[in-house]
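Student: All the letters of the sequence shown, read from the start, carry residue numbers 8 to 307 under the numbering used here.
Backbone N, C-alpha and C define an ideal beta-carbon position, used for all residues, glycine too.
Please find one structure pasted underneath; my questions will follow.
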Amino acid sequence: MDENYILAKWLNNDMTREELAEFEASPDFKKYQKIKHYTSQLTVDDFDENAMLKNVLSSKKVDSEVIYIKKNNWFIKIAAIIILGLGITFFAQNFIQITEYAENGKKTSFTLPDKSDVVLNSGSEISYKKWNWDNSRNIKLKGEAYFHVAKGKKFEVITNLGKVSVLGTQFDVKARKNRFDIICFEGRVKVNYKNTEVILTHGQNVSFENGNQTKSTINTSKPEWLENNIAFNKENLRNILDEIERRYNVTISVNANYTNDLFTGKIPSNNLDIALHIIATTYNLKPNKISTNKIIFEEK
């Protein structure tokens, strides 16, 4: 990975735990840490342009003088390091794409530049740029996220399956494999999926899968997964197991024949035993825990 890119991610606190551990183990880490420490303490006095103009006009004209500085002067080195550090910090904070992650088994909360709140579900990520946010409010989503949009603000959520345009609302977007789910909890959202456009209002849900559209209503004020439940609406078994894998950070396989019946209901995301029991009962299977993070469903 390019060294400047690594520095920019570190200065912007945008590294994963694995990347940070690797960077801290590098031989140059202490040097960069010192640069970051000293540049963070720099302050610049307010610029008084009237006083500056007055000083220039009142100063006497003097002969120009050439000042020679030794090539290896320590002051030049420190100044160059400080300028470089400030430049990298400014660049990282404003121009580099910001990516937020939620690892399997975890959720992540953060705030967008317009003060809108976002909660990322397990196994999901969002990327956006702070620079020119007011004119280009585009968010790229992989997975699932809940948005509580600041009043009067708007942006677009772009996924590989479609996009959602919002204006002052609360909504949930999930794009997994070939399935695209959007729930509107407040306000209005516009959903674009291929050549289809749908407007959702409070309490409405739309799902797209393999070109098919399903629309329904909900009676909750926020996503079930925020309350440690996984809600499914006409979902097949493989997609259900994929979701459980993300929530509990486990691996699940099925060593049995099972039907393609669709499941509608809730499964807890904070009790693996109950979650497995619901799946086993519904599809007439038996869960077998091979290890703490590996489960196999077998014939009952």
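(1) Taking 6 Å as the limit between beta carbons, can you name the residues of its chain near R144, skipping five residues before and five after?
(2) Assign I225 to one of three DSSP states: helix, strand, or coil.
(3) Leaving aside the five residues before and after N236 along the sequence, list all residues of the same chain whose C-beta is less than 8 Å from its C-beta, in chain order.
(4) Is the beta carbon of K229 less than 8 Å from the beta carbon of F187?
(5) Taking only the alpha-carbon atoms, compute the straight-line gap between N278 and W232 and give it to the nearest angstrom.
(6) Jot down the residue ranges of each uninterrupted beta strand (DSSP E) in the region 136 to 161, minimum 3 residues, whole runs only, in chain order.
(7) I need the straight-line Cα distance from I303 to G175, nearest angstrom please.
(8) Which residues bound the alpha helix (DSSP H) around L279?
(9) Report the rounded CA-to-CA distance for S134 versus V126, giving the unit in angstroms.
(10) Excluding the 5 residues flanking N217 on each side, which residues of the same chain have their C-beta closer than 6 Å to its C-beta?
(11) What's the gap between the Cα of V196 and the Cα of V173?
(12) So who's on the other strand from E193, going by DSSP bridges?
(13) On the three-state DSSP scale, how would you describe P294?
(14) What whole-angstrom Cβ distance do S223 and N240 have, given they're in contact under 8 Å?
(15) Between which residues of its own chain and E305 is the CB-CB distance below 6 Å, once the five residues before and five after are set aside?
(16) May I ask you to report which of helix, strand or coil DSSP gives D249?
(17) Report buried or exposed for Q177, applying the criterion of at least 16 other Cβ atoms within 10 angstroms of its Cβ.
(18) What separation, rounded to the nearest whole angstrom, lies between the Cα atoms of D21 and N167?
(19) To the nearest angstrom, how far is the alpha carbon of E234 from that of E204?
(20) Going by the DSSP bridge assignment, what does F117 pair with across the sheet?
Tutor: Looking at the atomic coordinates:
(1) Taking the first residue of the sequence shown as 1, we reach residue 144 at position 137. Cβ neighbours of R144 beyond the five flanking positions: F162.
(2) As a working note, residue 225 is residue 218 in the sequence shown. Of the three classes helix, strand and coil, the one that applies to I225 here is coil, per DSSP.
(3) Numbered from 1 along the sequence shown, position 229 holds the residue referred to as residue 236. Cβ within range, chain order: K273, I274, P275, S276.
(4) Locating residue 229 in the sequence shown gives position 222, where the first residue counts as 1. Locating residue 187 in the sequence shown gives position 180, where the first residue counts as 1. Not a contact, by the Cβ cut-off of 8 Å.
(5) Here residue 278 corresponds to residue number 271 of the sequence shown, with the count starting at 1. Here residue 232 corresponds to residue number 225 of the sequence shown, with the count starting at 1. About 13 Å.
(6) 145 to 155
(7) The residue given as residue 303 occupies position 296 in the sequence shown. The residue given as residue 175 occupies position 168 in the sequence shown. Near 44 Å, if we compare the C-alpha coordinates of G175 and I303.
(8) Taking the first residue of the sequence shown as position 1, residue 279 is located at position 272. L279 -> alpha helix (DSSP H) spans 279 to 290.
(9) By one-based count along the sequence shown, residue 134 stands at place 127. By one-based count along the sequence shown, residue 126 stands at place 119. In a straight line, the C-alpha of S134 is about 13 Å away from that of V126.
(10) For the purposes of this step, residue 217 is identified with residue 210 of the sequence shown, where counting begins at 1. Within the same chain, N217 has close Cβ partners N185.
(11) Within the sequence shown, numbered from 1, the residue matching residue 196 stands at position 189. Within the sequence shown, numbered from 1, the residue matching residue 173 stands at position 166. Rounded to whole angstroms, V196 to V173 spans 5 Å at the Cα level.
(12) Taking the first residue of the sequence shown as position 1, residue 193 is located at position 186. Q177.
(13) For this step, residue 294 is matched to residue 287 along the sequence shown. Strand, per DSSP.
(14) Translated into positions along the sequence shown, residue 223 becomes position 216. Translated into positions along the sequence shown, residue 240 becomes position 233. Right, their Cβ atoms sit about 6 Å apart.
(15) To locate residue 305, count along the sequence shown from 1; it is residue 298. Result list for E305: N262, A263, K293, N295, in chain order.
(16) Sequence index remark: in the sequence shown, residue 249 carries index 242 (1-based). D249 falls in the helix class under three-state DSSP.
(17) To locate residue 177, count along the sequence shown from 1; it is residue 170. Burial call: buried.
(18) Counting from 1 along the sequence shown, the entry for residue 21 is found at position 14. Counting from 1 along the sequence shown, the entry for residue 167 is found at position 160. Roughly 23 Å separates the two Cα atoms.
(19) In the sequence shown, counting from the first residue as 1, residue 234 sits at position 227. In the sequence shown, counting from the first residue as 1, residue 204 sits at position 197. Spanning the two alpha carbons is a distance of roughly 30 Å.
(20) Residue numbering aside, residue 117 sits at position 110 when the sequence shown is read from its first letter. Its beta-bridge partners are V125.
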